[in-house]
């Protein structure tokens, strides 16, 4: 059975291997060029001097300026569609083509049980899908690693699903989904379309769900003064004070950043009464800006900055969760395929 | 009589439609049994149930003393040539033989290779490029080389031209002669069955209308032609299968043991012989008529 699966899958696997090899060459060269830029712009050595701002900016500018350094980003974008493409083209015909052409009647009449037939196909081609997506992701992750390190954006939804092990989960799910759609619809091309639609919907759902996987961290900072610079104050018109919090959490995924009053409600405008520590006199001067008294007044009234976020260090934790969820979905679908092949078919 | 296949009250429903219902049937061992019936009689469904391709909705079926496809060993004992002889279009003839060798523990590669060369098939040829007859031969080779005890063929020659049909049946007969095989073969072409079968089963609307040794069936059925009459007293043991009236003549197809008897008792009647096709068609027509709820006599008027 392994031989037959391999024999049927040989052409696709050769194409995939060739595509992966070509990607490895292109991204390998690009990765080396990016590494050279990383050295020449001084980002590699800046952390010792605790002054990475200019060097990082320079590095990112040069990366953006050179066409081939866009490649990791380009391939990263490709990585969004690659798991579903693999799933569709390897999963949808896997069983459906046999149903369409009637060859399942040949396969099922050898001395191999139907369950083993399905298991061999699902495991071999499914693992191949996951491996292909995983290798592709590994190459993109490696070639973009220095850019990611400087831009610190790997928890951003768009970047997150193009890095690490999540594409392995996507490939497993897309593959199992395509197989399931194929056996239910019994026609390859419609099954492909249905898979694409459902996969896209699930991807969006997963993005929305991801924020709830791990309880976010909270930072509550009292409004102490401009030296801490956690807040921007603009004296507003008509006795209003506009407050906006600043955040300095590199690479963090910020859920919310608010100024809250003593009751914990978010506010963006603070009314300024006529007298006292927090007043038009202390805070409302557009020319001199708020005084120390103004800050004391804000603190006294219980105004604080509240930030909820996921720190950048949680990247791999999120990746494991994401992968586990998609692999689990794939396993459920595979279980359904086994049930169907034993009970429903013909 | 030992049976290779035994069905009792067997039924299969696809969604709302019963493709086969309450079918009771026995296929004896060591025979080449032909399963005949009109389209939609449930032949393919019955064969799919026998190979385990489908599971029964009602009743039970035993093949070689076991449940169809209940284990790889059971699957190994039954060879199946499915309708239209499906083959992997992208795989070569040699690949198909390798597939058979890898998936069947009792595979006889010598037999398979011998048959392929005897057929003059190029092992490197892709199955998708084979003619219908060649593909059927490839499917037969695969089914035979797994050394089954029972070979089941679903309409193997329906889509073949007359020459390929004859060739296929000749090879089938050779395979049966070489190996200790029981065969169950479905077809709606009785003439083809006559060539290879020594046992015939007529299945109409899930019911077995006739089952028996071909020689005995031929010997036990007669065409009687005589003056037009509504009812004649026939000796006990005689059964009228079909009657038709034309002009002043009545033609009957009767089942009975001694052909001389009716002619002697009823002067004016002549006894004629029947081909297997005549007999099978008579049984099919009989059922069609009774299904309409009208006696055959009424229909022919």
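Protein chains in written order, with our numbering: chain L, 6 to 351; chain V, 448 to 748. The beta-carbon is built from N, C-alpha and C at its ideal position, and this holds for glycine as well.
Could you tell me the alpha carbon to alpha carbon distance between residue 541 of chain V and residue 684 of chain V, rounded to whole angstroms? Near 56 Å, if we compare the C-alpha coordinates of residue 684 of chain V and residue 541 of chain V.
Taking Cβ positions, are residue 196 of chain L and residue 97 of chain L nearer each other than 7 Å? With a cutoff of 7 Å on beta-carbon distance, residue 196 of chain L and residue 97 of chain L are scored as near each other.
DSSP on residue 160 of chain L, reduced to helix/strand/coil? Reduced to three states, the DSSP call for residue 160 of chain L is coil.
Output yes if chain L places a C-beta closer than 7 Å to the C-beta of residue 546 of chain V; else output no. Proximity of residue 546 of chain V to chain L, defined by a Cβ-Cβ separation below 7 Å, is satisfied.
Suppose only complete runs of 3+ residues qualify. What are the beta strand (DSSP E) ranges in the stretch 511-549 of chain V, listed by chain order? Qualifying beta strand (DSSP E) stretches, in chain order: 525-528.
Under the three-state DSSP convention, the category residue 456 of chain V falls into: Secondary structure at residue 456 of chain V: strand, using DSSP grouped into helix, strand and coil.
Could you tell me which chain L residues have their CB closer than 8 Å to the CB of residue 593 of chain V, listed as they occur along the chain? Neighbours of residue 593 of chain V across chain L, judged by C-beta separation under 8 Å: 115, 116.
Inter-stretch contact (C-beta, 8 Å, three-pair minimum) for the stretch 101-114 of chain L and the stretch 514-534 of chain V: Counting Cβ pairs under 8 Å, three or more are found: they touch.
Rounded to the nearest angstrom, how far is the Cβ of residue 555 of chain V from that of residue 594 of chain V, given a contact under 8 Å? Contact annotation, residue 555 of chain V with residue 594 of chain V: C-beta distance approximately 5 Å; criterion of less than 8 Å satisfied.
Return no unless some Cβ of chain L is closer than 7 Å to the Cβ of residue 475 of chain V. For residue 475 of chain V, the answer is no, since every Cβ of chain L falls outside 7 Å of its Cβ.
Any idea what DSSP makes of residue 715 of chain V, helix, strand or coil? Correct three-state label for residue 715 of chain V: coil.
Could you spell out the range, first to last residue, of the beta strand (DSSP E) harbouring residue 25 of chain L? Per DSSP, residue 25 of chain L lies in no beta strand (DSSP E); the unbroken alpha helix (DSSP H) holding it starts and ends at 7-45.
Does the beta carbon of residue 466 of chain V sit closer than 7 Å to a beta carbon anywhere in chain L? Residue 466 of chain V does not count as touching chain L.
Any idea if residue 232 of chain L is buried or exposed, counting beta-carbon neighbours within 10 angstroms, 16 or more meaning buried? Its pLDDT being 46, under 50, residue 232 of chain L is placed unreliably by the model, and nothing is read from it.
Reduced DSSP category for residue 671 of chain V - H, G, I as helix; E, B as strand; rest coil: Here residue 671 of chain V sits in strand by DSSP.
Simplified DSSP state of residue 217 of chain L, which is helix, strand or coil: The three-state reading of DSSP puts residue 217 of chain L in coil, since its state is none of H, G, I, E or B.
Does the separation of the CB atoms of residue 452 of chain V and residue 510 of chain V fall below 7 Å? Yes. Within cutoff.
One question on the structure: do residue 637 of chain V and residue 701 of chain V come within less than 7 Å of each other, judged by their Cβ atoms? Cβ atoms of residue 637 of chain V and residue 701 of chain V: not closer than 7 Å.
Can you tell me whether residue 744 of chain V is helix, strand or coil according to DSSP? Because residue 744 of chain V carries a pLDDT of 32, less than 50, the predicted location of this residue cannot be relied on, and the following value inherits that uncertainty. Look at residue 744 of chain V here: in three-state DSSP terms it is helix.
Any idea if residue 627 of chain V is buried or exposed, counting beta-carbon neighbours within 10 angstroms, 16 or more meaning buried? Residue environment analysis places residue 627 of chain V among the exposed positions, since fewer than 16 neighbouring C-beta atoms fall within 10 angstroms of its C-beta.
Would you report the Cα separation of residue 92 of chain L and residue 327 of chain L, rounded to the nearest angstrom? Cα to Cα, residue 92 of chain L sits roughly 17 Å from residue 327 of chain L.
Using DSSP with H/G/I as helix, E/B as strand and the rest coil, what is residue 104 of chain L? Assignment of residue 104 of chain L by DSSP, reduced to helix, strand and coil, places it in the helix class.
Would a check of beta-carbon distances place residue 535 of chain V closer than 7 Å to chain L? Yes - at least one Cβ of chain L is within 7 Å of the one on residue 535 of chain V.
Would you say residue 514 of chain V lies against chain L (beta-carbon separation less than 7 Å)? By this cut-off, residue 514 of chain V is not an interface position.
Would you kindly check if the distance between the Cβ of residue 646 of chain V and the Cβ of residue 514 of chain V is under 7 Å? No, these two residues do not count as a Cβ contact at 7 Å.
Looking at the C-beta of residue 104 of chain L, does it have a partner C-beta in chain V at a distance below 7 Å? Closer than 7 Å: no.
Near residue 272 of chain L, what residues of its chain come up, given a Cβ to Cβ distance below 6 Å and the 5 sequence neighbours on each side ignored? Cβ neighbours of residue 272 of chain L beyond the five flanking positions: 264, 266.
Determine which residues share a DSSP beta bridge with residue 324 of chain L and list them. Answer is none; residue 324 of chain L lacks a bridge partner.
Between which two residues does the beta strand (DSSP E) containing residue 278 of chain L stretch? First-last for residue 278 of chain L: undefined, no H or E at that position.
Nearest neighbour of residue 212 of chain L, chosen from L/283, L/130, L/78, L/163 [CA to CA]: The option with the nearest alpha carbon to residue 212 of chain L is L/163.
Entirely enclosed alpha helix (DSSP H) segments - the stretch 161-195 of chain L, minimum 4 residues: Complete alpha helix (DSSP H) runs here, min 4: 162-165, 171-190.
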